[in-house]
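Okay, structure first, notes after.
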Amino acid sequence: MALIALAADKGAPGVTTSAVALGAVWPRPVLVAECDQAGGDLVYRLPAASGDGDDSRTGMLNPSRGLLSLAATARRGLRPDQIAEHCQRLVGGLDVLVGITNAEQAQGMTWLWGPLARAFAGLAPVDVLADCGRLGAGTPLLDLIRASDMLVLFTRATLEQVAHLRERIAALAGELRGGPPIGVVVLADPRDFRASIAEVDRIVTSAHRRLRAEAATGGGPPPPPVSVLGGLALDPKGAELLAGRWGGRLGRSLLIRSAREIAGTLAARVAAPGPDAPYAPGPAGAAQPVPPGGRGPAAPIDPQLQEGRL
Numbered sequence: 000m001a002l003i004a005l006a007a008d009k010g011a012p013g014v015t016t017s018a019v020a021l022g023a024v025w026p027r028p029v030l031v032a033e034c035d036q037a038g039g040d041l042v043y044r045l046p047a048a049s050g051d052g053d054d055s056r057t058g059m060l061n062p063s064r065g066l067l068s069l070a071a072t073a074r075r076g077l078r079p080d081q082i083a084e085h086c087q088r089l090v091g092g093l094d095v096l097v098g099i100t101n102a103e104q105a106q107g108m109t110w111l112w113g114p115l116a117r118a119f120a121g122l123a124p125v126d127v128l129a130d131c132g133r134l135g136a137g138t139p140l141l142d143l144i145r146a147s148d149m150l151v152l153f154t155r156a157t158l159e160q161v162a163h164l165r166e167r168i169a170a171l172a173g174e175l176r177g178g179p180p181i182g183v184v185v186l187a188d189p190r191d192f193r194a195s196i197a198e199v200d201r202i203v204t205s206a207h208r209r210l211r212a213e214a215a216t217g218g219g220p221p222p223p224p225v226s227v228l229g230g231l232a233l234d235p236k237g238a239e240l241l242a243g244r245w246g247g248r249l250g251r252s253l254l255i256r257s258a259r260e261i262a263g264t265l266a267a268r269v270a271a272p273g274p275d276a277p278y279a280p281g282p283a284g285a286a287q288p289v290p291p292g293g294r295g296p297a298a299p300i301d302p303q304l305q306e307g308r309l
């Protein structure tokens, strides 16, 4: 399996929407986990499958089942097979671990992130996309990020957001010595898509070259590798489709088409899935045994996006 931490610096560049879009087209079994310290949005945005294996009927995600309920049972130890009991399934087949609903709940959960990362590591063959929201100085999520296979930072191609991104990468270079590589995904206007990605790539490459030179001059360890992975289209209609609020074919949206390219790039860069796990997330969060040679979560069934999970 692979654990990929998804995050941003300042502003609201759409980490949660990006996480769901990537999960919808991920080429392997996947779980999207909301780990945002400020509180998650999934319970307010997306419809849940109603259970009984019928993804055509919808309901609401249960805010009491997810990260908070998992933390309540994990103080005596956290095993990978416990995670499935607290997952829920979105319409279309994407499994999610719903996060906390407000920042106050995060104050008593700083101990959780290291054990949770280790449990995620045991979920093979299920990859985990961890939505970490906005990162700040000394974030308690550092234990989870250090244990990830890659940290992916999202930015828009504006002067202020790229400047904040550059400073965040510099800070993380010190905090993640020996940690995972850092990837950058640009949320770009489709009208200026390639040019925006190229400009962010130029700035990030230049900043990382300077960090490497400073480390070499000072005799310190080199910073983690940094690369621009590509872009996701800024596509409001596609985001509405993803939330089930607008008619049309989701698979044809610019958001999903660009997400498929990023998902393929990311999945190829991180570790391949390991041996099958004893349990995998199931409908409405029920734990389902996976038979030997099983494939983990159920395959997507929504005809609007045959190649993905929504």
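For the sequence shown, numbering that gives the first Met the number 0 gives the first residue as 0, with consecutive numbering after it.
Virtual Cβ for every residue (Gly too), placed ideally from N, Cα, C.
These numbers were taken from a predicted model, which means no experiment stands behind them.
Exposure label - residue i; buried when at least 16 CB within 10 Å
i	result
M59	exposed
R88	buried
Q160	buried
G22	buried
L5	buried
L158	exposed
E166	exposed
A70	buried
S390	Nothing in the structure corresponds to residue 390, since the chain is present only between 0 and 309.
G322	For the chain, the structure presents residues 0 to 309; residue 322 sits outside this window and is missing.
R155	buried
R259	buried
G132	buried
A146	buried
A83	buried
G218	exposed
G177	exposed
T216	exposed
G76	exposed
T72	exposed
Residue closest to residue i, alpha-carbon to alpha-carbon, out of the options
i	options	result
L98	G76, G91, G137 and L128	At residue 98 the sequence reads Gly, which differs from the Leu that was named. Per the Cα distances, L128.
E213	H163, V199, G230 and A172	A172
A169	L186, R211 and R145	R211
V29	C86, L77, L69 and P46	C86
S205	G218, G217 and P224	P224
A136	A215, H163, D126 and P180	H163
G113	S195, L186, T138 and A187	T138
L93	R193, A215 and A47	A47
R74	T109, G91, L45 and R44	T109
K9	D191, A194 and L134	L134
E33	R193, G91, L77 and A102	A102
R117	V90, Q81 and G91	Q81
V24	N61, R44 and G91	G91
V199	N61, V185 and A267	V185
Whether residue i touches residue j by CB criterion (8 Å)
i	j	result
A262	P26	yes
V31	D148	no
L265	F119	no
V391	V227	With the chain covering only 0 through 309, there is no way to say anything about residue 391.
L67	Q36	no
P179	L152	no
D188	M0	no
H207	P222	yes
Cβ-Cβ separation, residue j to residue i (assumed contact under 8 Å), whole Å
i	j	result
L353	A7	This structure cannot settle anything about residue 353, because the visible part of the chain is limited to 0 through 309.
L115	L143	6 Å
L122	P79	5 Å
G330	I181	Absent from the structure is residue 330, since the part of the chain shown begins at 0 and ends at 309.
G65	L96	6 Å
Taking contact to mean 3 or more Cβ pairs, one atom from each stretch, closer than 8 Å, check whether the region 252-266 and the region 232-239 are in contact.
yes
Assess contact between the region 30-41 and the region 2-17, defined as three or more Cβ pairs (one per stretch) separated by less than 8 Å. Is contact present?
yes
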